[in-house]
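Below you'll find the structure, written out as structure tokens, and then a few comments.
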Amino acid sequence: MSDFDDLLQANRGFADTFDLGGFDGKAHAGIALVTCMDSRIDPLRMLGLQHGDAKIFRNPGARVTPQALEALVLGVHLLNVQRILVVPHTRCAMASASEQDLRAKIGESAGVDASWQSFGVVTDQLDQLRQDVAKVRTHPLIGERAKVGGFLYDVDTGLLTQHA
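Heads up, the sequence shown is in numbering that gives the first Met the number 0, so the first residue is 0 and it goes up one at a time.
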């Protein structure tokens, strides 16, 4: 028995009624979204989108990392992305703990020293959002090729508020 049998069984049920094939991999609504890995976020539904409409990049804190920029450049040039949303959220662990606190918690959980690990903690979420949006807007391979906005998602109401 595998540690993943329950998921493989669920996948077989999913595949039995699978009707999402045939897409070309492009963002049919022209949307790319950088958001947090938090499971309270349902990226497509929160924007009224469906399968195939958007490119979604998720990481802790919804940060515009070099990997996120790489995905956005590919999206803009090859996958029909015309609008980019950067969307962190309320009550995010990356914005509510210090780097030192996270290192201590992870070290305690792991039973080994985690003082060397970086977690990209955000001390001012709205300022960081504005900086991350600026990174996208000023990227030489994105620039004016896509509209870029920064939004905060409220995990308790489901509402987005634009901040950049």
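We put the CB at the ideal spot given by N, CA and C, even for glycine.
Around the C-beta of M36, are 16 or more other C-beta atoms found within 10 angstroms, so that it is buried, or is it exposed? It counts as exposed.
Buried versus exposed, by CB contacts within 10 Å (16 or more), H88: buried
Exposed or buried, what is F22 when buried is set at 16 or more other beta-carbons lying within 10 Å of its beta-carbon? exposed
The alpha helix (DSSP H) that contains V72, what's its start and end? P65 to L77
Delimiting residues of the alpha helix (DSSP H) encompassing F13: D4 to D15
Pairwise C-alpha distance: Q124 and Q99: For Q99 and Q124, the distance between alpha carbons rounds to 18 Å.
Count the C-beta pairs between the segment 79-93 and the segment 115-130 that are closer than 8 Å, then say yes if the count reaches three, no if not. yes
C-beta contact flag for K60 and G119 at 8 Å: It is Gly, not Lys, that sits at residue 60 in the sequence shown. Contact check for G60 against G119 passes: the beta carbons are separated by less than 8 Å.
Starting from G148, trace the beta strand (DSSP E) both ways and give me its first and last residue. K146 to Y152
For A31, name the three-state secondary structure that DSSP assigns. In the structure shown, A31 adopts extended strand secondary structure according to DSSP, grouped into three states.
Alpha carbon of H76 to alpha carbon of P65, nearest angstrom: 17 Å
Do three or more CB pairs link the segment 45-55 to the segment 13-30 at distances below 8 Å? yes
Going by DSSP, what residue range makes up the beta strand (DSSP E) through R82? R82 to V86
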